[in-house]
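At position 548 of the sequence shown (counting the first as 1) the number is 548 in UniProt numbering, and the numbers step up by one without a gap.
Heads up, the thing below is written out as structure tokens.
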Amino acid sequence: MDSTTTPPLPRETRDTLLVLGVVALVLLPQVAYLPPWASALAALLLGWRMWLAHSGQRLPGTWLLAALLALAVGATALQFRSIVGPEAGVVLVILLLVLKTLEMRARRDAMVIFFLGFFTLLTLFLQSQSLSMALAMLVAVWGLLVCLVNAHMPSGYPSLRQLVRTAGLLMLLGAPLMLVLFLAFPRLPPLWGLPTQASKGTTGLSNDMTVGQVAELAQNHSVALRVRFDSPDGKAPPQRLLYFRGPVLSHFDGRNWQADADGAPYTLPATAQVAASGLGTAIDYEITLEAHQQRWLLTLDATLSPPDAQRRVQRTADLQWLTARPLTEVLRYRAQAHLHYAYGQQLSDFQRSQHLQLPPDLNPRTTQWAQTLRRDHGTDDTAIVQAALNHLGSGRYVYTLAPDVVPGPHTADAFWFETHNGFCEHIASAFTVLMRAAGIPARIVTGYQGGERNPVDGLWTVRQSDAHAWTEVWLPHEGWLRIDPTSAVAPSRTEQLQRLSPPTSAFGGAMDQVISPDVLRRLRANWEALNHRWNDWVLNYTPRDQSALLQRLGWTDWSIPQLAAGLSGLLALATLGAAWQRWRRRWVTDPWLRLMQQARQQLQRQGLEHADTRGLQALAAAAQAQWGDESQPLQQWLLQMEQWRYAPHGPQTPSLAQLRRAYRALIWPSPRTP
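Following this line, the structure appears as structure tokens:
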């Protein structure tokens, strides 16, 4: 039986593989955000280092490491055109962490790797602050603590179970202090901020719209925002009226719709009054908006008063709400909307020309049809709008996620007279071009429409797949009105929560065979409700929330600085106390050293010279020379102590408790007579 038992790995090999496994665990969540070449290079280097550790081969030399470092820096510079900035910096830190494992020979090298690992984990918050990411980071922190505990147990062969249990206990002991600091320590603004990653917007919306862009978003089911309605009867508005306003696009070049730069020419103070008419009942609501690296706030159409976002906001003349800086974290804000509205009864000559602008010599058939509509209905713009909507609803047009490709510049002509199919941006674009050609000021509004109610917490979840584009037209004596031409083609798009979805993947089909769709929906609803609690209680724990909590606990506003000073003082005292305890009892931190120190002191009392400086084998030889065979039990005990400390542990290795009992049972030789 013994011949078939796999011998344990040497301590050094096992520890090295443990560190490399934890490094892989730290890097795993980063894979989704790294360039493919960086992920492949990191995996290749880690795999190579694991093979070197398992096979006992020599580590690479200095020149090879220098070449690999140059390769990493050069590839990063080529990818990002710089080695400065958040994205390039994270890639470099990760590659440096992996390269450091290739020169890990001593305990101090491992310590550098541990602290680089903790820093690498922090960089994940630049990418995501979701609950799933926090859980992944918690597991990785646990792994790094396991490695740290192992590094501080140089003797013996501690089991992984013991290491995991000790690291978990340390995390539990630190949790109360972490919770107190999170809840009570003043939430100070950062001294500096990271540059905005403008090329990495994640909202799915942008300041321009190319035909086909929103159709791609229909396949993205990630959460864009969550909404809670505070209506008097406790019910949400009809789903067909849930339009969340985003960028407004007014310039058209034939295929692309673009917005003015952040609406700068028409930016108004947030408190400026909006001349509106036909306002229905106001609806109070609260939005939790996911970070999207852009400045706009998605608001329920139409939100006329400033959202309570606890930050400076401004409004443009086209009712966009903008923040001073791009949103790099989840934001919660309250606002009030009027679902039925018309605003902007006055239109300047510049605004009129801006919203009638069309590129010359494009879409001639659409232009000719618009002229016909104008002749048929005269100056009645409302009749022209209704005639176009009736034409869309005649049954000849199809709402589809995969419309026919239109290679030429006449996109409106292609929709109206050739393909007769499209997604919301095809329909809205063609309709807006028709309105402008008929002399009616019009523009495109992008955002989200609809949503899905979560039965667990009652919130409405709006996903990227709910991205939508619609039209606003300006009518005399009324102002800007929302017209959604897509609803004329496909009423189910705005009335029955129906969405176009891509074909089910093989994995999704297999999951449907294993778990019923109802169970999957319930699991998803519970997970999303839990995510909202995370956003609400952790990510959106603002200074205002902290102040309210402290006041409920009896702390007033004027005493909060005193609380901060008290917490700082307690931390300082705790640090000093820990340092004092470590200094005072530094000689008893290791039980083996403590036992050995007792034995050395006893040997000195027995008259053995230099007992406090000799090695264990030298002590055994000196005992033999001084006391002869009388010291055999002592010699055997000294050699067993050496074996326990420095040799790999086997089945016959005595435990430290056994050695301690053997020490107490020793019969010491008679002291040497001077």
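We put the beta carbon where it would ideally sit given N, CA and C, even for glycine.
Check                                                                                                                                              : Outcome
Distance between beta carbons of D301 and Q336, contact taken as under 8 Å                                                                         : Wrong, their Cβ atoms sit about 12 Å apart, outside the cutoff.
Touching by the beta-carbon criterion (3+ pairs, under 8 Å), the stretch 138 to 146 and the stretch 23 to 30                                       : yes
Rounded separation between F252 and G246 - CA only                                                                                                 : 18 Å
Option in S655, Q129, N454 and A490 with minimal Cα separation from G422                                                                           : A490
Sequence-distant residues of the same chain with beta carbon closer than 8 Å to W668, five excluded per side                                       : Q602, Q606 and L634
Spatially closest choice to P441 from W527, Q345, T323 and A525, by CA coordinates                                                                 : Q345
Inter-residue CB distance, L225 and L289 (contact presumed, cutoff 8 Å)                                                                            : 5 Å
Beta-carbon contacts of T196 that lie in its chain and below 6 Å, excluding the five residues immediately before and after                         : At T196, the pLDDT of 46 sits below 50, so the modelled position is not reliable and the matter cannot be decided from this model.
Secondary structure of S199, DSSP reduced to three states                                                                                          : Since pLDDT at S199 reaches only 40, below the 50 mark, its modelled position is unreliable, and no value is offered.
Pair within 7 Å by beta-carbon distance, Q320 and W296                                                                                             : yes
Straight-line gap, S505 to A525 (C-alpha atoms, nearest Å)                                                                                         : Model confidence at S505 stands at a pLDDT of 44, short of 50, so the residue's coordinates are unreliable; what they give is reported in the following sentence. Cα-Cα distance, rounded: 21 Å.
Touching by the beta-carbon criterion (3+ pairs, under 8 Å), the stretch 461 to 468 and the stretch 358 to 372                                     : no
Residue from N150, L181 and V180 with nearest C-alpha to G168                                                                                      : N150
Rounded distance between the beta-carbons of R311 and T323, thought under 8 Å                                                                      : 6 Å
Contact the stretch 81 to 88 vs the stretch 41 to 53: 3+ CB pairs below 8 Å                                                                        : no
Nearest residue (CA-CA) to Q597, options L362, R660, A342 and M50                                                                                  : R660
Coarse secondary structure for H251, derived from DSSP in three states                                                                             : strand
Rounded separation between L20 and L530 - CA only                                                                                                  : 33 Å
L92 to A67 span [Cα, whole Å]                                                                                                                      : 15 Å
4-residue-minimum alpha helix (DSSP H) runs that sit fully inside the UniProt domain "Transglutaminase-like" (416 to 487), ordered along the chain : 424 to 437
Cβ-Cβ distance between L102 and R49 below 7 Å                                                                                                      : yes
N-terminal and C-terminal residue of the alpha helix (DSSP H) that R311 is part of                                                                 : Counting along the chain, R311 falls outside any alpha helix (DSSP H), and DSSP gives it neither H nor E.
Residue closest to L359, alpha-carbon to alpha-carbon, out of R436, S305 and R105                                                                  : Looking at the sequence itself, residue 359 is Pro, so the reference to Leu does not match. Ranking the options by Cα distance to P359, first place goes to R436.
Endpoints, the beta strand (DSSP E) within which I283 is located                                                                                   : A282 to L289
DSSP beta-bridge partners of Q336                                                                                                                  : D284
Coil, strand or helix - L102 by DSSP                                                                                                               : coil
Nearest neighbour of A40, chosen from L95, A77 and V90 [CA to CA]                                                                                  : L95
Segment limits, alpha helix (DSSP H) that includes R661                                                                                            : L656 to R664
Inter-stretch contact (C-beta, 8 Å, three-pair minimum) for the stretch 427 to 436 and the stretch 469 to 488                                      : yes
Short Cβ contact (7 Å threshold) for R645 with W592                                                                                                : yes
Integer Cβ distance of W470 from R482, believed to fall under 8 Å                                                                                  : 6 Å
Separation of Q632 from R664, as counted between CA atoms                                                                                          : 15 Å
Euclidean distance between Cα positions of D536 and L160                                                                                           : 37 Å
Contact under 7 Å by Cβ, L638 with L608                                                                                                            : no
Best match in V385, P409, W460 and T303 for proximity to residue 679 [C-alpha to C-alpha]                                                          : Here the chain comprises residues numbered 1 to 674, so residue 679 is not present and cannot be evaluated.
Length-filtered (3 minimum) beta strand (DSSP E) runs lying within the stretch 586 to 633                                                          : none
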